[in-house]
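Chains as they are written, first to last, in this note's numbering: chain A, 132 to 242; chain B, 18 to 127.
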């Protein structure tokens, strides 16, 4: 059973629509991260989250993006108004000690 | 800003061959990860190194901090090793904030 579960595995959305990607770690991990991988490109860091607040974010993570942990288990990434260039695989990750665990990814296609 | 570069970008091997994938980075780091990404997209951590060498089964990872270079070796390669291998560096104290290389696509033929 994976340490980190992501949903949905694949979502197609219209440009301008809001999208929420979800991540559920199995055990009590405290540090959470979102990454994205545009097709054919490197995986890029978006944001890190600890103790219910953003600890670090990249230039990519602009006002269109937000993260929260609404119920103590789910960790969500929201894209408010999707653009074509948001099409990518989005990975959630968590760390415990020096070990990092990635989810299987959520493939977002914006049309 | 740290840049992480891998070579080769593509690697084809015959089953049983010894494989080496190289990774270089531009600034000092606190640790380096080797990751495996399968065609479905999921990423699995293979190693985390801050110095020296680690071995797990047929996989060996080494790092030279002075030369800012790491290598991943696969001994007796097998078709099931076919995947994308990615190195990613960690700069500071945030354990999960990584800078990724572009990945090496490995194909092992029977």
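Backbone N, C-alpha and C fix where the C-beta goes; we use that ideal spot for every residue, glycine too.
Everything numeric in this text was worked out from a predicted model, so none of it was measured.
| Item | Value |
| --- | --- |
| Interface residues of chain A around residue 53 of chain B at Cβ under 9 Å? | Result: empty, since nearest Cβ-Cβ is about 10 Å, beyond 9 Å. |
| Relative to the C-alpha of residue 108 of chain B, which residue among B:67, B:55, B:125 is closest? | B:67 |
| Using 10 angstroms around the beta-carbon of residue 126 of chain B, count the other beta-carbons present and answer buried if the total reaches 16, otherwise exposed. | exposed |
| Quick check on residue 220 of chain A: buried or exposed, where buried means 16 or more other Cβ atoms within 10 Å of its Cβ? | buried |
| What residues in the segment 208-227 of chain A have a beta carbon less than 8 Å from any beta carbon of chain B? | 220, 222, 224, 225, 226 |
| Taking Cβ to Cβ, would you say residue 177 of chain A is nearer than 7 Å to residue 162 of chain A? | no |
| Would you give the residue range spanned by the beta strand (DSSP E) that residue 78 of chain B belongs to? | 76-81 |
| Chain B partners of residue 230 of chain A, CB-CB under 9 Å? | 62, 65, 112 |
| Count the other CB atoms within 10 Å of the CB of residue 94 of chain B; is the residue buried (16 or more) or exposed (fewer)? | buried |
| On the DSSP bridge assignment, give the partners of residue 69 of chain B in chain order. | B:80 |
| Under 8 Å by Cβ, that's how I've got residue 50 of chain B and residue 62 of chain B pegged, so tell me the actual separation to the nearest angstrom. | 6 Å |
| Using the three-state DSSP reduction, which class does residue 107 of chain B fall into: helix, strand or coil? | strand |
| If you check the beta carbons only, do residue 141 of chain A and residue 225 of chain A fall under 7 Å apart? | no |
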